[in-house]
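Residue numbers for the sequence shown, in our numbering: 104 to 649.
Beta carbons: idealized from backbone N, C-alpha and C, even for Gly.
Just below is one structure, and these are the notes that go with it.
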Amino acid sequence: MSAIHQNLSTAISSSASTFLGYNNLKNIKTSNVSLPGRISGVVKCVSSPSAEKTAYKTKVSRNENLAKLQAGYLFPEIARRRNAHKLKYPDAQVISLGIGDTTEPIPEVITSAMSKRSYALSTVDGYSGYGAEQGENQLRAAIASTYYADLGIEEDDIFVSDGAKSDISRLQVLFGSNVTMAVQDPSYPPCRCPWVCDLFLVNLGYNLALVLYIFMDEKVELLNSPNTMLAFGNCTGANELLKWLRTVRICYLLMWIQVILGQTGQFQKEVEKYGNIEYMRCTPENGFFPDLSTVRRTDIIFFCSPNNPTGYAASREQLTKLVQFAKENGSIIVYDSAYAMYVSDDSPRSIFEIPGAKEVALEVSSFSKYAGFTGVRLGWTAIPKELVYSDGFPVAKDFNRIVCTCFNGASNIAQAGGLACVSAEGIKAMHEVVGFYKENTAIIVDTFNSLGFKVYGGKNAPYVWVHFPGQSSWDVFGEVLEKTHVVTTPGSGFGPGGEGFIRVSAFGHRENVLEACRRFKQLYKLSVFLSVIGSENRTSDLQVDL
């Protein structure tokens, strides 16, 4: 039996943090969770009465900030609608251009280095245990020289991690509960998530899907809620479910951290916003860059460029204004450069290209979207020595303390892959991968442009931001899914500023992107003509030939 089978640790029960081990699963017997046999093809997780009540209560008070937690809505709702659609059309080829996960293989020059390092661990001379929490010095130096040459960022300014998500979570711990923050609107949900779902159920669904995928020879599909699953006959569907739920879990863990630490203030249901968060509107009208004259002062400014979801990269002039704004207000910019390698023009790839940025900014990045490391998990944070708190204490020293206390360092195998990434051959290979996705993006942009739509993004990011004026994002999402069997992402899920847009991801196999675009063209082939004659419902009578 493989190591993954033997080391599979847990599946979360539906009502408590009780665990279902491998041996228990094999015998389908537990004290807290029962998995009945298939009934009409449905496998359900059912909690026993003992798991629903606890007679004994401790004297430990609950974290009061958890009571105000509003968890994510966007991706669970997309998953629910997608799987309901597949039940309605079981023979349809559903294409996903919604999720932001890579699809192409990791270049061999990178996996070869990881394989070599992995094998070395089986030898006396090659074995290594705990490494430096900040990352291996050779990799830190290579990242500094590759991505920050001539920008004043040195080896000891780089902290290697298990991904940007984890580092942003650690930054929440670093800054504490008394800070205020600003985020772009629209923005990726970890920075702004006013919706109402339950991350616990997502964790449950993820872990149960993993268990079912490994131990049952059948396809698993999400059905209505994450603890109800439908069996279809082979394992391929479980991969899709795991991918969706893994992304959801990653997405909403960050928002949990902010709320749990008390940084967000109270959630205001009437406007679907948190009180301590300043929402910086970024729309076509302002060039996808906030009017800083209307933004109130906050301690922390989260800024992503190239942006997810709009695909827009801020210009040098715009980032200069942002740095100046931070200086005037004594704020710290947390700059997300996860898509920097996709930049095709002279837009800055790093905030540190802006004079004075080292005094007010730190940068978080990742190999995920360059090398396909979404599953490998490897990223970094760059914190200049010039960045200090109001009392003059260096931010990097406190972050180092957080890292050394809460983290044992990134996987040495992943770091071997990272070192290969920044080699000359690795950089060339990553550019080829990025180039592939950019070709996908160009195909999508050309398709929607040819149909008369206003299209944004795509040039400097693997996302296309398509405008449907006067229409609800969810309505457009539903129409596209119903008539083309293509999954996109409704823009309103990224914030109020995304209403009337959908995001189309370029992460997909070429044949799937081409087929999706063929379907888009067939659905909207009369859109330009109908818009000229004033039709308000351009596609109601159109049907796609699948």
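Between which two residues does the beta strand (DSSP E) carrying residue i extend?
i, result
"Gly482", "482-485"
"Arg384", "380-384"
"Phe262", "261-264"
"Ile404", "403-407"
Roughly how many whole angstroms lie between the Cα atoms of residue i and residue j?
i, j, result
"Tyr291", "Tyr415", "13 angstroms"
"Ala216", "Gly520", "6 angstroms"
"Pro289", "Ala417", "14 angstroms"
"Ile547", "Val227", "51 angstroms"
"Lys191", "Thr587", "13 angstroms"
"Tyr473", "Ala187", "33 angstroms"
"Tyr222", "Gln427", "50 angstroms"
"Phe556", "Glu257", "45 angstroms"
"Gln574", "Thr214", "45 angstroms"
"Ser576", "Ser553", "21 angstroms"
"Gly596", "Phe623", "21 angstroms"
"Asn432", "Arg400", "6 angstroms"
"Phe496", "Phe502", "11 angstroms"
"Cys620", "Leu626", "10 angstroms"
"Val525", "Ala252", "13 angstroms"
"Asn470", "Phe476", "It is worth fixing the name first, because residue 470 is Phe in this sequence and not Asn. If you take the alpha carbons of Phe470 and Phe476, they lie about 6 angstroms apart."
"Val607", "Val616", "10 angstroms"
"Val224", "Val197", "At residue 224 the sequence reads Leu, which differs from the Val that was named. If I take the Cα positions, the gap works out to 42 angstroms."
"Lys424", "Thr544", "29 angstroms"
"Ala285", "Leu481", "26 angstroms"
"Leu128", "Ser514", "At Leu128, the pLDDT of 35 sits below 50, so the modelled position is not reliable and the matter cannot be decided from this model."
"Lys430", "Tyr159", "53 angstroms"
"Lys189", "Gly201", "16 angstroms"
"Pro179", "Thr592", "12 angstroms"
"Phe551", "Arg183", "26 angstroms"
"Arg419", "Pro458", "10 angstroms"
"Arg613", "Val569", "20 angstroms"
"Gln421", "Met383", "14 angstroms"
"His534", "Ala443", "12 angstroms"
"Asp194", "Ile181", "19 angstroms"
Assuming residue i contacts residue j under a Cβ cut-off of 8 angstroms, what Cβ separation, rounded to an integer in Å, is found between them?
i, j, result
"Asp439", "Cys407", "4 angstroms"
"Val579", "Ile605", "5 angstroms"
"Ala564", "Tyr445", "5 angstroms"
"Gly603", "Gly594", "7 angstroms"
"Ala267", "Ser468", "6 angstroms"
"Cys385", "Gln287", "5 angstroms"
"Asp204", "Phe571", "Not a contact, Cβ separation roughly 24 angstroms."
"Tyr566", "Asn389", "Actually they are not in contact, since the Cβ atoms of Tyr566 and Asn389 sit about 19 angstroms apart, beyond 8 angstroms."
"Trp483", "Ile246", "6 angstroms"
"Val506", "Glu236", "5 angstroms"
"Ser447", "Lys562", "6 angstroms"
"Gly512", "Tyr250", "Not quite, the Cβ-Cβ distance comes to about 20 angstroms (not below 8 angstroms), so this is no contact."
Taking the alpha helix (DSSP H) that residue i falls in, what are its first and last residues?
i, result
"Lys557", "Looking at the DSSP string, Lys557 is not in any alpha helix (DSSP H); the run it does join, the beta strand (DSSP E), is 557-560."
"Ser471", "471-474"
"Met533", "527-553"
"Ser269", "267-278"
"Ile202", "No alpha helix (DSSP H) contains Ile202, which DSSP labels as neither H nor E."
"Ala285", "No alpha helix (DSSP H) contains Ala285, which is instead part of the beta strand (DSSP E) from 284-288."
"Lys454", "Note that residue 454 is Ile in the sequence shown, not Lys. Per DSSP, Ile454 belongs to no alpha helix (DSSP H) and is neither H nor E."
"Phe502", "498-509"
"Arg419", "419-432"
"Thr413", "Per DSSP, Thr413 belongs to no alpha helix (DSSP H) and is neither H nor E."
"Leu522", "515-524"
"Ala158", "Looking at the DSSP string, Ala158 is not in any alpha helix (DSSP H), and its letter there is neither H nor E."
"Tyr233", "Segment: none, Tyr233 is in no alpha helix (DSSP H) and carries neither H nor E."
"Ser248", "240-250"
Looking only at DSSP bridge pairs, what is residue i linked to?
i, result
"Leu465", "Val437"
"Tyr627", "Tyr627 is not bridged to any residue."
"Ser225", "DSSP output for Ser225 lists no bridge partner at all."
"Trp568", "Tyr559, Arg606"
"Pro393", "According to DSSP, Pro393 bridges with nothing at all."
"Ile181", "Partner(s): none; Ile181 has no beta bridge."
"Thr592", "Arg606"
"Ile198", "Val589"
"Val491", "Pro497"
Any 3 or more C-beta pairs closer than 8 angstroms across the stretch 231-246 and the stretch 448-467 = no
Taking one C-beta from the stretch 426-440 and one from the stretch 398-405 each time, how about it: are there three or more such pairs within less than 8 angstroms?
-> yes
With contact counted as at least three CB pairs below 8 angstroms, one residue from each stretch, are the stretch 480-498 and the stretch 460-470 in contact?
-> yes
Inter-stretch contact (C-beta, 8 angstroms, three-pair minimum) for the stretch 533-543 and the stretch 252-263 = At 8 angstroms Cβ cutoff, the stretches do not touch.
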